[in-house]
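Encoded as structure tokens, the structure appears first; notes follow it.
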Amino acid sequence: APLHSKPQAVITFPGELLSAPSDVELAESYLLRFGYIQEAEARRSSKHVSLAKALRRMQKQLGLEETGELDASTLEAMRAPRCGVPDVGG
Amino acid sequence: FLTFQGDLKWDHMDLTYRVMNYSPDLDRAVIDDAFQRAFKVWSDVTPLTFTQIYSGEADIMIMFGSQEHGDGYPFDGKDGLLAHAFPPGSGIQGDAHFDDDEFWTLGTGLEVKTRYGNANGASCHFPFVFEGRSYSRCITEGRTDGMLWCATTASYDADKTYGFCPSELLYTTGGNSDGSPCVFPFIFDGTSYDTCTTDGRSDGYRWCATTANFDQDKKYGFCPNRDTAVIGGNSQGDPCVFPFTFLGQSYSACTNQGRQDGKLWCATTSNYDTDKKWGFCPDRGYSIFLVAAHEFGHSLGLDHSSVREALMYPMYSYVQDFQLHEDDVQGIQYLYGRGSGPEPTPPAPLPTEEPQPMPTEAGSASTTEEEEETPEPTAEPSPVDPSRDACIERNFDAITEINGELHFFKNGKYWIHSSFWKSGIRGAFSIADTWPGLPAVIDAAFQDVLTKRIFFFAGRQFWVFSGKNAVGPRGIEKLGIGKEAGRITGALQRGRGKVLLFSGEHYWRLDVKVQTVDKGYPRATDDVFTGVPLDARNVFLYQDKYHFCRDSFYWRMTPRYQVDRVGYIKYDLLQCP
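Chains as they are written, first to last, in the working numbering: chain D, 1316 to 1405; chain W, 64 to 640.
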């Protein structure tokens, strides 16, 4: 065990992203990667509308409460280890 | 459940799979076993069968890789994406890929399978007590050769059972060195290396040379991960180095200092501050069995389910006593049907046929001294039932080469197939007519190269035939084969006077002349015959190559122990239409 009791500073480890993605960035990349939102769709619609619709779709598919919001359980699901096959689409 | 668009499915039920490479996290046998169990999840509820092959293109090709691994769908380092698979079809379709930046286990943490020692390959027991101290990792204490070992029970002091831990000093995997250990230092590209390296590779796998000079000998293998190997970071597979210095402080164990996410990590050199080499410490890992069972569901045509408890739900969760969910069963049976349930009971033996007239003298003019000394029994016997077709048999009790021709035995009958005869298969002949006194069901047979006598095995008895004259039955314990052996599944002649007898996952070497097995046996079949099924139903020598049969397939192995063909017994050996 470490010999000190003082908390160390948080550092960025080489090979890791400089900063963790924000919740919205995480949600966008998740919804895109697993087929809940198409790139073209994301560009066309206003971000908020598009995200809410896709979030509902994702929440329904994964058996979560369909809030259309980026709530804690949705974020937890997005951070969970999973299969790389898209949930929607080819 | 969901299926892929268009209900993509296989157009045949007897699927093959091939494991292209193995993760260094787990012993190869553990991975093979996990994949086998994962396929069984699906074959238990459908008519599908799965057979592992070792060369050529299989329906389902399985590989480990990291980041971009050749299919345009990159993995993402530790955690996150674990694996993916493609729906049924040719080429990459049906294939399953596993992210080797994950820590692959059986779901409950480090699985360290030992080799050698006296624990028969058991896994390490952590923690274990050695000389009064408790250890939770493999150690070199108590040895002078630096080899890592562990106890396989809670106390070495009490039980004295141990084995050696995975280490590049013990063996390598893959490559071209048949598992030989690393040789340190070795020269690669003019540089000397004292440890395994990823230099010269783009896939991040650690390798070493198995001679002192790779540039000259080109002999190499991949390094198995040690129990202290890190996952991810920038030193994947390298062992933690304790103590290490981080921000001026010394650490003798994995720490979460410096991180926001609380994950444990360690340095892989003695000083993180100067070298910046690090990785995550082993955690519970992900069950290769559970992830594989899910991915193989995709390979068979199932898409993700929205039922949280179903195997095909996209998120990973560990369950100890896995049972396939009804949703998964409905999904797979929608595609392939329910299967036929348990194996049908074999039919009762046919009534004994009328005795057939037998030729009274040998029909072949043999000229060799050996054959004259112990004349072969028969000319061609008359078929007792020409209508009974070998091609409709699902398997055979025994297969062996007698006088250069393959003999297939089943339930009181046998057929002969010769590659030199255009007529193909002859028979069915009666075993009782040709070898009176043998039981209807025999397990194995071989012809002694020297004397041409034929040895038959059934249960724990054996018979030796010279012509129609038999000695036996005698118990196989007379040969020195103990009660640990079940049925003898086959025999391989090894030069003059020695024959390997197989039973279960072991084999014995029989000295045919003195009719006892040699000292030092039994041995584990997979120590030498690597890549063939260990639960082979029949083992025999044919045209100087070893053949191991399971289900409808045979694995052919060269005398240099390389599997050079996997084929169908019916179509390739019997040449059925």
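All residues carry an ideal CB built from backbone N, CA and C; glycine is no exception.
With a beta-carbon spacing of about 6 Å, Thr274/W and Val246/W fall inside the 8 Å limit used to define contacts.
Gln1376/D reaches chain W at His367, Ser369, counting residues in chain order whose Cβ is nearer than 8 Å.
Val246/W sits in coil when the DSSP states are folded into three classes, being neither helix nor strand. For Met126/W, the secondary structure class from DSSP, reduced to helix, strand or coil, is strand. Between Phe459/W and Lys473/W, the beta carbon gap of about 5 Å places them in contact (Cβ cut-off 8 Å). The secondary-structure analysis by DSSP pairs Glu131/W with nothing; it has no beta-bridge partner. With respect to Ile462/W, Phe471/W sits close: the two C-beta atoms are nearer than 8 Å. DSSP, reduced to helix, strand and coil, places Lys608/W within a strand of the structure shown.
The alpha-carbon separation between Ala507/W and Gly553/W amounts to approximately 5 Å.
Between Leu78/W and Ile116/W, the gap from beta carbon to beta carbon reaches 8 Å or more. Taking every protein chain shown into account, the CB of His75/W has fewer than 16 other CB atoms within 10 angstroms, so this residue is exposed. Sequence-ordered contacts of the region 316–333 of chain W with chain D read Ala316, Thr318, Gln320, Gly321, Arg322, Gln323, Trp328 [C-beta pairs closer than 8 Å]. Below the 7 Å Cβ cutoff, chain D contributes Pro1396 as neighbours of Gly143/W, in chain order. Along the region 539–605 of chain W, the alpha helix (DSSP H) occurs as fully enclosed runs of 4 or more residues at 588–591, listed in sequence order.
Residue pairing by DSSP places Glu1391/D in no beta bridge whatsoever. For Asp1402/D, the residues of chain W that pass the 7 Å Cβ criterion are His367, Pro377, in the order they occur in the chain.
For Glu358/W, the residues of chain D that pass the 9 Å Cβ criterion are Cys1398, Val1400, in the order they occur in the chain. The shortest CA-to-CA distance from Phe249/W to any of Gly267/W, Gly242/W, Ala272/W is the one to Ala272/W. For Thr579/W, the closest of Thr588/W, Gly69/W, Ile539/W by C-alpha to C-alpha distance is Ile539/W. Under the three-state reduction of DSSP, Gln68/W is assigned to coil, being neither helix nor strand.
Contact check for Ile294/W against Phe343/W passes: the beta carbons are separated by less than 8 Å. Between Phe98/W and Val82/W, the CB-CB gap stays under 8 Å. Only Gln68 from the region 68–88 of chain W bring a Cβ to less than 9 Å from some Cβ of chain D.
Think of a sphere of 7 Å around the beta carbon of Gly296/W: the chain D residues whose beta carbon falls inside it are Phe1328, Gly1330, in chain order. Rounded to whole angstroms, Asn288/W and Ser230/W show a C-alpha spacing of 7 Å. Annotated three-state conformation of Ile488/W is strand, per DSSP. Per the coordinates, the alpha-carbon of Gln279/W lies some 10 Å from the alpha-carbon of Asp252/W. What Val1325/D touches in chain W, judged by beta-carbon distance under 8 Å, is Gly321, Arg322, Gln323, going in chain order. Counting the other Cβ atoms within 10 Å of the Cβ of Asp390/W gives 16 or more, which makes it buried. By the CB criterion at 8 Å, Asp290/W and Cys228/W fall inside the cutoff. At a beta-carbon threshold of 7 Å, the residues of chain D lying near Ala148/W are Val1400, ordered along the chain. When secondary structure is reduced to three states using DSSP, Gly154/W falls in the coil class, being assigned neither helix nor strand.
At least one CB atom of chain D sits nearer than 8 Å to the CB of His361/W. Taking the Cα of Leu513/W as reference, the smallest distance to any Cα among Gln556/W, Gly490/W, Ala548/W is reached at Gln556/W.
The criterion of a C-beta distance shorter than 8 Å is not satisfied by Ser218/W and Val626/W. Bridge partners of Asp162/W according to DSSP: Gly128/W.
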